[in-house]
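Student:
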Amino acid sequence: MSIKTKRVSVTPVSSKAKNRFANIMNQFHMCTVEQEKMIDGVLHFFLVSMNKMYCFWVPVNGNEHWEIGK
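In this note's numbering, the protein residues as written are 7 to 76.
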C-alpha cells in the first residue's frame, strides 16, 4: 500500500519569508506536508521545503509570512 505525498505551493509575503525563500529554499514554491494539526481551531500544516533545508508551521489559510496555494 502506498501513501500519496501531499504537496502545496507557498508564496512568501513578509521580508523575512522572502529572505528564507531566496536563501534557504532555493526559490522552490512547492513544499511537502509532513503533518496536519488543529491549533486553536485552525488547521495548520507542517511544511518541508523541496530541498529539505527549511521546515515551518503555517495555517492553511496562510499568515503574515506565507500564502498557501491551492
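Ideal Cβ positions, reconstructed from N, Cα and C, are used throughout, including at glycine.
Is the Cβ-Cβ distance between residue 50 and residue 58 less than 8 Å?
Tutor: By 1-based counting over the sequence shown, the position of residue 50 is 44. By 1-based counting over the sequence shown, the position of residue 58 is 52. No, Cβ-Cβ distance for residue 50 and residue 58 is not below 8 Å.
Student: Verify whether the separation of the beta carbon atoms of residue 53 and residue 19 is less than 8 Å.
Tutor: In the sequence shown, residue 53 corresponds to position 47, counting from 1. In the sequence shown, residue 19 corresponds to position 13, counting from 1. Not a contact, by the Cβ cut-off of 8 Å.
Student: Beta-carbon within less than 6 Å of residue 32's beta-carbon, same chain only, minus the 5 sequence neighbours each way: which residues are those?
Tutor: Counting from one through the sequence shown, the residue named residue 32 turns up at place 26. Counting only Cβ-Cβ distances below 6 Å, and skipping sequence neighbours, we find 57.
Student: Would you check if the distance between the CB atom of residue 39 and the CB atom of residue 22 is smaller than 8 Å?
Tutor: The residue given as residue 39 occupies position 33 in the sequence shown. The residue given as residue 22 occupies position 16 in the sequence shown. Going by C-beta atoms, residue 39 is not nearer than 8 Å to residue 22.
Student: Thinking residue 75 and residue 14 are a contact (beta carbons under 8 Å), I'd like their distance in whole angstroms, please.
Tutor: If you number the sequence shown from 1, residue 75 lands on position 69. If you number the sequence shown from 1, residue 14 lands on position 8. Indeed they touch by this definition, with Cβ atoms about 6 Å apart.
Student: Can you tell which of 9, 47, 60 has its C-alpha closest to the C-alpha of residue 29?
Tutor: What you label residue 29 is simply residue 23 of the sequence shown in a count that begins at 1. Comparing Cα-Cα distances from residue 29 to each of 9, 47, 60, the minimum goes to 60.
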